[in-house]
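So the structure is just underneath, and the comments pick up after that.
Chains as they are written, first to last, in the numbering used here: chain A, 5 to 633; chain B, 5 to 633.
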């Protein structure tokens with residue numbers, strides 16, 4: 005009990021043994037968040053999803069009725085962490101099912117694929133007007149006759165080097181400038197940022213330092229991907245990815261916004277985003293043998309909510325009619341202000357969005373795929389945790405968003421994982437009773453399944469009659485891979501050890517239902533956009549799919565389940581992580597930085613939540629491939 | 005004794021009774037500075053000037069030989085504070101003579117004179133493009149159809165109001181924007197800063213707030229003057245002045261730079277400048293019934309060293325050949341960054357300088373007197389602690405600086421004070437034995453003498469034969485006002501109570517010597533400039549005198565002592581505090597902000613310290629009026 009009579013209690017978590025002190029009446033979920041424990045809560049702690057089940061090992065805690073807790077489990081001490089009020093000291097066990105997937109803790113250094121390499125080459129072709137350039141200068145030391153001030157001498161040198169304009173020099177740098185210039189014998193590298201309002205000197209260092217690198221960051225709702233990029237060559241130094249630690253506060257945008265609206269919530273969510281980014285950057289730096297101060301610029305692509313939460317800007321009104329963000333265009337700022345763990349003075353820019361639900365991640369993808377510069381009618385699909393779809397060409401564009409959930413990124417799927425080494429990314433099933441053939445990312449031993457693998461599997465299971473039109477496993481289908489897992493019907497893709505698999509990999513009925521909802525949301529959104537514009541699928545010259553599904557997306561299988569329109573294979577292309585490519589472009593090319601601002605003005609936003617036919621299309625899409633089939 | 009064996013001692017100061025703990029070997033001056041006690045040290049603590057004499061009341065302290073300490077005084081415990089090492093606990097008395105003048109503690113709210121009023125009218129005529137404008141906006145609340153983000157809505161409103169450009173909005177404001185817009189019912193005032201790189205929204209507040217005020221600041225070596233200015237009308241709300249508390253670290257620029265170069269010195273000097281400004285602003289706000297947050301912009305004019313020290317920028321190289329400052333143009337910044345105690349987001353701009361010894365204060369004066377827009381050959385004289393002189397017109401300008409010392413501002417003069425109410429600003433002496441007639445600033449009871457009064461007195465004493473050509477009092481002159489004060493020959497201007505005088509006011513031989521040095525420095529600089537340009541005094545169409553001498557400067561008396569060239573009275577004008585007027589212009593007018601940058605490029609700097617004839621001219625000027633007379 006506290007000095008002021010406020011009762012506090014101790015909550016000890018097992019198996020970690022970590023302890024939190026919380027006020028009387030706080031929830032077990034609050035206690036876990038306070039410790040940063042990776043506990044699931046897909047609905048963001050609203051008592052809806054039932055993913056945060058924990059077991060009380062000692063102490064008293066009132067029951068929390070929920071369909072996911074049977075009477076027998078309730079008697080054994082099972083509770084929903086987000087509903088269970090702490091009214092005395094407790095010891096609480098977090099079962100594995102309620103723990104966030106390992107990806108959240110074990111960070112992957114993602115391997116660059118061959119396709120990545122090609123896209124990278126295209127980028128290098130653009131390059132040459134990066135957000136930050138390093139200008140080597142050899143300045144004449146001052147004399148009584150040539151007695152310019154240090155800053156004016158630097159500006160003169162930059163002008164002579166063709167760096168243009170009168171660059172600004174912030175106070176922090178000005179304070180160190182005299183010492184740096186003299187210690188380096190007047191031979192320095194000036195780091196010059198190309199900002200919308202003109203050039204700015206952000207750093208001056210002794211000549212001959214390593215080439216400056218930048219950070220391209222794709223800040224997704226579920227997955228965060230970072231790349232270190234050589235700013236002079238455009239080459240990728242290293243890539244790494246991690247699950248967004250904010251998942252502990254909800255798997256979708258709405259859950260996050262609600263969590264951020266609670267007292268202290270904004271700071272908590274900002275901190276979790278920065279923690280995620282921090283671990284990615286740490287990993288990138290370790291592999292590249294660089295230090296934080298070597299990362300001299302950053303471009304961040306993210307949806308509107310993610311950028312609000314990252315920057316500590318109130319996001320509450322994004323989820324309330326009329327759904328208004330604080331901003332769609334975020335001002336460039338210093339890394340220190342944004343909180344990014346790179347050089348404090350590094351300029352950071354953000355991809356602009358067009359509305360609360362079609363954000364900068366989508367525009368970054370649109371930028372990267374070049375549809376705004378093309379006459380062809382293009383359908384751009386970003387299959388992230390929010391599905392965002394843009395239809396149009398150089399003349400016009402219309403965009404919409406649909407709630408797809410994080411299933412394709414491996415969250416909420418029993419054996420799901422991100423498209424990282426070891427993820428099953430391709431599945432082929434020769435016959436109903438065949439052993440599925442699989443391919444994994446990087447050919448590593450299978451340890452989970454990612455989005456493209458799930459789409460393949462769903463299409464193949466349907467083709468072989470193992471699941472029905474509603475996506476449910478058919479018990480009498482006669483496949484030797486049918487089983488029961490956690491009380492649910494399941495299909496086993498890989499047994500542990502089979503072909504060297506690191507773990508058993510299966511999909512349950514519940515997983516399949518989630519995948520069906522995801523594909524239906526995308527399918528319905530595409531159909532609604534076509535209806536709205538009076539165009540037919542056949543009018544689409546090019547379908548560009550972006551997102552974190554994995555490189556191996558098979559369009560034929562996606563068409564088979566109805567997710568994509570039935571068009572000839574040649575019209576489909578997988579653009580990789582469009583958001584990340586867009587962030588790369590923003591980092592490397594001034595024309596790209598200018599183009600994306602124009603895109604933000606040109607895309608018309610179609611709100612599906614109030615659209616008269618979207619819900620109808622969605623319900624009809626909850627079948628494979630569709631009720632119309 | 006400290007835990008690590010580092011010996012510390014206690015120094016108790018009398019009469020205040022305040023105590024400091026200092027390390028063994030620190031000086032008594034260090035201890036006084038640590039407490040912020042207003043102790044004098046005109047040479048900045050180099051053991052030269054002898055102004056920091058203190059008396060040891062208890063404890064042992066080794067003697068500090070210096071001409072100002074007679075053997076008798078030494079025996080009585082008198083020491084130089086800046087040389088006296090603390091090697092044990094001490095009690096130290098600070099005599100009044102070693103204390104900084106009262107102006108340093110008692111701040112004056114300076115009354116605006118009639119001339120001020122006229123200049124102010126001229127300013128108001130210019131106005132209308134202030135550094136910060138308040139734009140009242142009535143924004144349409146968002147709807148599903150009109151669903152722009154809050155920041156984009158604000159930008160659209162500003163554009164519709166003709167505020168031009170796409171304004172930047174910093175992160176701090178963006179975080180509060182949604183709440184402000186809604187709490188105010190979408191009726192707000194946007195504060196828009198006009199910065200060199202474009203408009204910037206610095207604040208948004210509910211509609212109908214008070215008109216925005218700005219701070220014009222003249223940051224002098226000796227005197228700091230601030231004005232609150234109504235940014236919409238150009239009217240002065242209030243003016244206040246104070247001695248620069250940095251005087252404790254030296255009365256001239258060189259002493260300050262040396263003090264700043266000691267460990268912790270930069271922070272100490274920055275803190276003292278900010279403390280001075282803080283007290284001025286506090287006083288201004290109290291009188292105007294405003295709060296710090298109401299002051300929405302600032303323009304600061306100061307010499308190169310003062311701006312370095314204010315901003316915590318290393319100034320050491322200003323005093324070392326080849327005399328190079330870190331910068332002559334300081335970047336605009338937020339008040340929070342500059343440390344100014346006004347609205348944190350307020351834009352702060354600085355007058356640019358042209359070199360280490362002709363700084364932004366002079367250019368501000370040149371700007372204010374309009375010589376850069378005139379065809380007339382103008383001689384501009386800023387008689388501050390550094391004397392700075394610019395000769396030229398619209399076509400060309402040449403400037404130089406000379407070390408005058410702070411005598412005209414009242415520092416180092418027994419009864420000196422700044423040109424504040426009660427300062428004797430005019431003196432007339434009908435005959436050798438007459439009682440001098442005086443006028444004081446604001447007609448308040450006399451309590452000291454300011455620059456213009458000293459010049460009058462020196463000229464009148466010379467004319468009546470009471471001082472000789474070397475400026476020394478003539479013992480046999482027969483004036484009843486001759487006396488001895490502090491062991492020195494003195495002339496008593498006012499006896500205490502005479503005509504209501506609040507204190508006795510006199511000048512000693514020592515004071516007269518300092519005045520002679522000051523006038524000689526200015527006289528020699530003017531002559532050198534004329535020599536350098538091959539012009540004669542008669543070519544000068546206009547002489548503009550600026551500085552803190554006081555409004556009542558009598559050109560005839562200044563000519564009589566040789567300080568000013570002998571020209572018809574009609575060619576002289578007193579421009580008031582040019583630096584302060586320039587700061588006002590920068591605050592109120594965009595053309596002025598642009599013009600001053602051009603001036604900085606156009607003025608040629610003439611270095612007197614290396615000039616072949618300056619020293620010769622100086623020695624010849626150490627006579628009244630001159631050896632040539």
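Don't be surprised by glycine CBs; every beta carbon is placed ideally from N, CA and C. Small disclaimer: the values here were computed from a predicted structure and weren't measured.
Can you find a C-beta in chain B that's less than 9 Å from the C-beta of residue i?
| i | result |
| --- | --- |
| residue 190 of chain A | no |
| residue 330 of chain A | yes |
| residue 113 of chain A | A caution first: residue 113 of chain A carries a pLDDT of 46, below 50, which makes its placement in the model too unreliable to give a value. |
| residue 43 of chain A | no |
| residue 268 of chain A | no |
| residue 614 of chain A | yes |
Are the beta-carbon atoms of residue i and residue j separated by less than 9 Å?
| i | j | result |
| --- | --- | --- |
| residue 36 of chain A | residue 66 of chain A | no |
| residue 384 of chain B | residue 354 of chain B | no |
| residue 191 of chain B | residue 210 of chain B | yes |
| residue 636 of chain B | residue 263 of chain B | Absent from the structure is residue 636 of chain B, since the part of chain B shown begins at 5 and ends at 633. |
| residue 74 of chain B | residue 51 of chain B | no |
| residue 413 of chain A | residue 323 of chain A | no |
| residue 288 of chain B | residue 230 of chain B | yes |
Would you say residue i faces chain A, with C-beta separation under 9 Å as the test?
| i | result |
| --- | --- |
| residue 1 of chain B | Not covered by the structure: residue 1 of chain B. The range shown for chain B is 5 to 633. |
| residue 400 of chain B | no |
| residue 351 of chain B | no |
| residue 155 of chain B | yes |
| residue 108 of chain B | Low confidence applies here, because residue 108 of chain B scores a pLDDT of 40, under 50, leaving its location unreliable; read the following figure in that light. By this cut-off, residue 108 of chain B is not an interface position. |
| residue 258 of chain B | no |
| residue 617 of chain B | no |
Give me the residue from the options with the minimum Cα distance to residue i.
| i | options | result |
| --- | --- | --- |
| residue 200 of chain B | A/212, A/169 and A/230 | A/169 |
| residue 265 of chain B | B/63, B/312 and B/505 | B/312 |
| residue 343 of chain B | B/30, B/38, B/302 and B/445 | B/302 |
| residue 12 of chain A | A/20, A/29 and A/19 | A/29 |
| residue 365 of chain B | B/19, B/91, B/74 and B/585 | B/585 |
| residue 411 of chain B | B/520, B/438, B/611 and B/501 | B/520 |
| residue 492 of chain A | A/504, A/158 and A/516 | A/516 |
| residue 180 of chain B | B/155, B/346, B/162 and B/166 | B/155 |
| residue 615 of chain A | A/44, A/309 and A/406 | A/406 |
| residue 308 of chain B | B/508, B/552 and B/356 | B/356 |
| residue 132 of chain A | A/546, A/238 and A/77 | A/238 |
| residue 99 of chain B | B/18, B/267 and B/153 | B/18 |
| residue 603 of chain A | A/261, A/368, A/80 and A/298 | A/368 |
How many whole angstroms separate the CB atoms of residue i and residue j, which I take to be in contact at a CB cut-off of 8 Å?
| i | j | result |
| --- | --- | --- |
| residue 395 of chain A | residue 533 of chain A | 5 Å |
| residue 419 of chain A | residue 495 of chain A | 11 Å between Cβ atoms; not a contact. |
| residue 607 of chain B | residue 422 of chain B | The pair is not a contact, with the Cβ atoms about 28 Å apart (cut-off 8 Å). |
| residue 622 of chain B | residue 528 of chain B | 4 Å |
| residue 196 of chain B | residue 164 of chain B | Contact doesn't hold; Cβ gap of about 14 Å is too wide. |
| residue 470 of chain B | residue 565 of chain B | About 13 Å; that fails the 8 Å criterion. |
| residue 391 of chain B | residue 526 of chain B | 5 Å |
Do the region 279-292 of chain B and the region 321-334 of chain B touch if we need at least three Cβ pairs shorter than 8 Å? no
Taking three-plus beta-carbon pairs below 8 Å as touching, is the region 47-56 of chain B in contact with the region 78-86 of chain B? yes
Do the region 451-461 of chain B and the region 551-560 of chain B make contact, defined as three or more Cβ pairs closer than 8 Å? yes
Meets three-Cβ-pair contact criterion under 8 Å: the region 312-319 of chain A and the region 175-195 of chain B: yes
Taking one C-beta from the region 290-305 of chain A and one from the region 204-221 of chain A each time, how about it: are there three or more such pairs within less than 8 Å? Flag = yes, the region 290-305 of chain A and the region 204-221 of chain A touch.
Does the region 246-257 of chain B come close enough to the region 435-446 of chain B to have 3 or more Cβ pairs within less than 8 Å? no
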